[in-house]
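Data block below; observations after.
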Amino acid sequence: MAMRGLSLRDLEYLVAVAEHGHFGRAAASCGVSQPSLSAGIRKVEDILGLRVFERASRRVLLTRDGALAIERARHVLAAADRFLAPVAEADDPLSGVFRLGAITTVGPYLFPHALAPLRSAHPRLELQIEEGLTSHLVARLRVGALDAVVLSPPLAEVGLVIEPLYREPFRLAIPRGWPLAAQETVALDDLDMSKAVLLEEGHCLRDQSLSLCAATGARPCHTAMSLETLKAMIAVGEGFSLLPASAVTDEASHGGLIRYRALRDQRAHRQVALAWRASRQPDRDVRLLAAVLRRHPPPGAEAAPDFDPNFDNRSM
964 MAMRGLSLRD LEYLVAVAEH GHFGRAAASC GVSQPSLSAG IRKVEDILGL
1014 RVFERASRRV LLTRDGALAI ERARHVLAAA DRFLAPVAEA DDPLSGVFRL
1064 GAITTVGPYL FPHALAPLRS AHPRLELQIE EGLTSHLVAR LRVGALDAVV
1114 LSPPLAEVGL VIEPLYREPF RLAIPRGWPL AAQETVALDD LDMSKAVLLE
1164 EGHCLRDQSL SLCAATGARP CHTAMSLETL KAMIAVGEGF SLLPASAVTD
1214 EASHGGLIRY RALRDQRAHR QVALAWRASR QPDRDVRLLA AVLRRHPPPG
1264 AEAAPDFDPN FDNRSM
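Pasting the structure below:
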């Protein structure tokens, strides 16, 4: 099959359209005009001799053959990224540029405790940090735009290595003056999810909280974009929530309007792990990173010797 004229950039266009489901947004993410991106897509389709996308008026869908083409394009881009990366010096594999993603409910609480030790241990590391939702970060990891991602399993993905960092219990955050605030510990069965304040759709912490409390059948009526805003909503009495221990602050914060209580249920915790592509070889650099992050977890975290990459709160 003739491949003349096909470039890695063309494959990046292909993957961008698959991720965004829209030619305009894909072009913006690639920093090119939509006509240029469309021309690159047509070139790939002509060379492959098939249609990768179904063009509809409002959305772009992958064809059956197109799904396989996208997966292969991702593998090619990941391989190219490894080929073009500078060769690390033997005495310090964790040097040079390393692109690390972290989900929004972990990064702000882990990094303040881990970055200084990381720089001290690997002074030649040029860390680039990106924050986002799990689905977005994993998609960027797969195409080689990120080297590793700090996230919270379970993760329905294949081809990734999941390395444990720590686990942290959930704490009940509840407005001062609510009846449950008078108890030292609380059971999940005591919670009315119709009074819960949770993060917006797409946050794994939202899914974990709903899974733990699924037996109630009720759904939350208030949502927030971040844990810090969520705590403010609890302080003004809009509802309660389950927070990871690393996000728990002193009860004097928020004017003393929030009370934090331990949960009696043994599975009321989340796991935090580092994920990277299994095809990333050698991977000594990312394992060194995992080791530093594991040694410097945020306050409230616990060691995870029994780490289970398939851990799922829904089995509660």
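When you line the sequence shown up against the working numbering, it's residues 964 to 1279, in that order. For each residue, glycine too, the CB sits at the ideal point set by N, CA and C.
query: Tell me whether Ser1216 sits in a helix, a strand or coil according to DSSP, three-state version.; result: helix
query: Since Pro1207 sits in a beta bridge, which residues does DSSP pair it with?; result: Phe1133
query: Tell me the residue span of the alpha helix (DSSP H) that contains Arg1233.; result: Segment His1232 to Arg1240 is the beta strand (DSSP E) holding Arg1233; no alpha helix (DSSP H) there.
query: Can you name the residues that DSSP bridges to Tyr1223?; result: Ala1136
query: Between Gly1012, Ile1137, Gln1146 and Tyr1072, which has its C-alpha nearest Gly1219's C-alpha?; result: Ile1137
query: Return yes when the Cβ of Thr1026 is within less than 7 angstroms of the Cβ of Glu1017, no when it is not.; result: yes
query: Which residues bound the alpha helix (DSSP H) around Glu1120?; result: Note, Glu1120: premise wrong, no alpha helix (DSSP H); not H, not E.
query: In the structure shown, what three-state DSSP assignment does Pro1071 receive?; result: helix
query: Buried or exposed: where does Glu1089 fall if 16 or more other Cβ atoms within 10 Å of its Cβ makes it buried?; result: exposed
query: Give me the residue from Arg1005, Thr1148, Phe1061 and Arg1257 with the minimum Cα distance to Arg1222.; result: Thr1148
query: Quick one: what does DSSP say Ala1253 is sitting in, helix, strand or coil?; result: helix
query: With burial defined as no fewer than 16 other Cβ atoms inside 10 Å of the residue's Cβ, what is the status of Arg1037: buried or exposed?; result: buried
query: Among Val1249, Lys1158 and Phe1074, which has the Cα closest to the Cα of Leu1193?; result: Lys1158
query: Determine the closest residue to Ala1241 out of Glu1126, Thr1186, Asp1153 and Leu1205, with distance taken between C-alpha atoms.; result: Glu1126
query: Whole-angstrom Cβ separation of Ile1092 and Leu1063, contact assumed at under 8 angstroms?; result: 6 angstroms
query: Considering Cα atoms alone, identify which of Ala1002, Ser1001, His983 and Ser1058 is closest to Asp1246.; result: Ser1058
query: Give the secondary structure of Glu1147 by DSSP, where H, G and I count as helix, E and B as strand, and everything else as coil.; result: coil
query: Alpha carbons only, please: which of Pro1261, Val978 and Ala1145 is nearest the one belonging to Leu1040?; result: Val978
query: Counting along the chain, where does the beta strand (DSSP E) carrying Asp975 start and finish?; result: For clarity, residue 975 is Glu in the given sequence; the question names Asp instead. Per DSSP, Glu975 belongs to no beta strand (DSSP E); it is in the alpha helix (DSSP H), Leu971 to His983.
query: Look at the Cβ atom of Arg1130, then the Cβ atom of His985, and state whether they are nearer than 7 angstroms.; result: no
query: How is Pro1056 classed by DSSP in three states: helix, strand or coil?; result: coil
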